[in-house]
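Following: one structure in structure tokens, then a few remarks.
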Amino acid sequence: MNLKKDGVGVPGVSLTKKKSVLLVQGPPPPPGQDEKPAGAPKTDVVERKATVLENHGYSLGKTIGTGSYATVKVANSERHKTHVAVKIVSKFQAPPDYLKKFLPREIEVVKGLKHQHLIRFLQAIETTHRVYIIMEYAEKGSLLDIIRRDCYIDEPRGKLWFRQLVDAVEYCHEKGVVHRDIKCENLLMDRDYNIKLSDFGFARGSMKPKSGIPIMSETFCGSYAYASPEILRGIPYQPQLSDIWSMGVVLYATVYGRLPFDDSNYSQLLKQVQSKVTFPKEPKISTRCRTLILQILAPVKQRIRLAGIKNDPWLTEVDSELPQGTSIIPAPQTANFIPAQ
0 MNLKKDGVGV PGVSLTKKKS VLLVQGPPPP PGQDEKPAGA PKTDVVERKA
50 TVLENHGYSL GKTIGTGSYA TVKVANSERH KTHVAVKIVS KFQAPPDYLK
100 KFLPREIEVV KGLKHQHLIR FLQAIETTHR VYIIMEYAEK GSLLDIIRRD
150 CYIDEPRGKL WFRQLVDAVE YCHEKGVVHR DIKCENLLMD RDYNIKLSDF
200 GFARGSMKPK SGIPIMSETF CGSYAYASPE ILRGIPYQPQ LSDIWSMGVV
250 LYATVYGRLP FDDSNYSQLL KQVQSKVTFP KEPKISTRCR TLILQILAPV
300 KQRIRLAGIK NDPWLTEVDS ELPQGTSIIP APQTANFIPA Q
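Counted from 1, the sequence shown has number 118 at position 119 by numbering that gives the first Met the number 0; the numbering is strictly sequential.
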């Protein structure tokens with residue numbers, strides 16, 4: 000399974016970014032080797048790596064994210080007259096399966112997507128040792144960052160952001176694209192604090208049901224804490240319904256500031272996801288919101304579909320504090336993330 004561990008609000012585990020369990024193949028090349036001529040001094044590394052992107056109008060800036068075999072940097076784009084995000088993938092550090100299967104699929108999928116709540120793909124640049132993916136830059140961080148800062152998200156904000164996530168996922172599914180790694184850290188925020196679904200590394204296209212018959216998947220990927228019971232059991236699954244399950248975990252984490260399931264023990268996790276989800280006493284969440292979460296985090300045959308979510312009373316009711324379509328800028332807070340009980 001290409002599942003990734005998360006320590007988001009589980010007992011004894013601090014809130015962390017995702018970590019891939021894919022194996023590293025071969026030693027990493029010296030940074031910038033793909034652009035550096037043989038025998039060039041090591042001091043040329045940063046300058047030479049930037050030059051490749053400068054030829055396309057990009058000037059690299061600070062690092063905003065790192066992974067096992069990829070780094071994300073901010074860059075200034077002369078062409079787009081704004082800042083962009085550049086995902087730099089090392090061909091030497093990335094597993095062959097990722098380079099041959101998932102990375103080309105990711106680029107092909109995102110090329111065909113354009114939606115206000117999706118991170119927009121701009122360009123891909125390939126060199127001998129690296130692949131550069133140029134994307135829209137979301138300057139306000141992720142939903143995970145905001146939950147960690149604010150402890151939990153009040154219902155009006157949570158509802159607005161969940162509506163935006165529903166719109167984004169519905170668009171993807173209508174295009175035949177399944178995400179397969181929906182989670183709090185993959186929901187980025189633009190300057191107005193609107194949701195932008197990102198990281199299509201495990202996404203797959205051409206998955207729209209034909210003649211009403213769903214296309215099943217046997218690639219078990221994503222993150223344990225957000226994975227559906229059918230993925231955790233290792234059986235063929237309908238990825239659209241697994242995306243919906245992950246959305247339910249996101250909603251729970253948003254309004255409660257913790258995850259519904261403890262992923263520190265696989266056997267216990269498997270039991271938990273096949274049992275009725277429980278809710279903490281605090282914070283106080285409306286009955287309608289809890290009911291929707293229960294309908295999402297349900298066995299696959301009973302699990303609510305996207306159409307049902309869009310028409311759910313909790314999601315369709317208009318909050319007096321937050322008219323639909325209003326953007327919210329969270330007030331600075333210093334509360335710690337609430338650990339799961």
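We put the beta carbon where it would ideally sit given N, CA and C, even for glycine.
Give the secondary structure of residue i by DSSP, where H, G and I count as helix, E and B as strand, and everything else as coil.
| i | result |
| --- | --- |
| P36 | Residue placement at P36 cannot be trusted, given a pLDDT of 38 that sits under 50; the coordinates are not used to answer. |
| T62 | strand |
| R129 | strand |
| L258 | coil |
| Q294 | helix |
| S274 | coil |
| S266 | helix |
| Y151 | coil |
| V44 | Confidence at V44 is low in this model, with a pLDDT of 48, below 50, so the placement of that residue should be treated as unreliable; the coordinate-derived value is given next. Helix, per DSSP. |
| I146 | helix |
| K158 | helix |
| L164 | helix |
| R302 | coil |
| V51 | helix |
Between which two residues does the alpha helix (DSSP H) holding residue i run?
| i | result |
| --- | --- |
| V85 | Where V85 is concerned, there is no enclosing alpha helix (DSSP H), although the beta strand (DSSP E) it sits in stretches over 81-89. |
| I308 | 305-309 |
| I106 | 102-110 |
| L314 | 312-315 |
Tell me residue i's beta-bridge partners as DSSP assigns them.
| i | result |
| --- | --- |
| T70 | T65, I87 |
| S141 | L187 |
| A123 | I132 |
| S376 | The structure shown has nothing for residue 376, since the chain only spans 0 to 340. |
| L117 | L196 |
Does the Cβ of residue i lie closer than 7 Å to at least one heavy atom of the ligand FAD?
| i | result |
| --- | --- |
| P228 | The ligand FAD is absent from the structure shown, which contains no ligands of any kind. |
- Item | Entirely enclosed beta strand (DSSP E) segments - the region 167-253, minimum 3 residues | 186-188, 194-196, 220-222
- Item | the region 151-166 / the region 96-108 touching (three or more Cβ pairs under 8 Å) | no
- Task: Mind the definition here: the region 303-310 touches the region 238-257 only if three or more C-beta pairs lie below 8 Å; say whether that holds.
- Result: yes
- Message: Under 8 Å: do the region 256-274 and the region 192-205 share three or more Cβ pairs, one atom per stretch?
- Response: no
- Would you call the region 88-95 and the region 142-149 in contact, with 3 or more CB pairs under 8 Å? no
- Message: Counting beta carbon pairs with one atom in the region 114-122 and one in the region 159-171, are three or more of them shorter than 8 Å?
- Response: yes
- Would you check if the region 249-257 and the region 206-221 touch, i.e. whether three or more CB-CB distances between them fall below 8 Å? no
- Query: Do the region 50-57 and the region 120-138 touch if we need at least three Cβ pairs shorter than 8 Å?
  - Reply: yes
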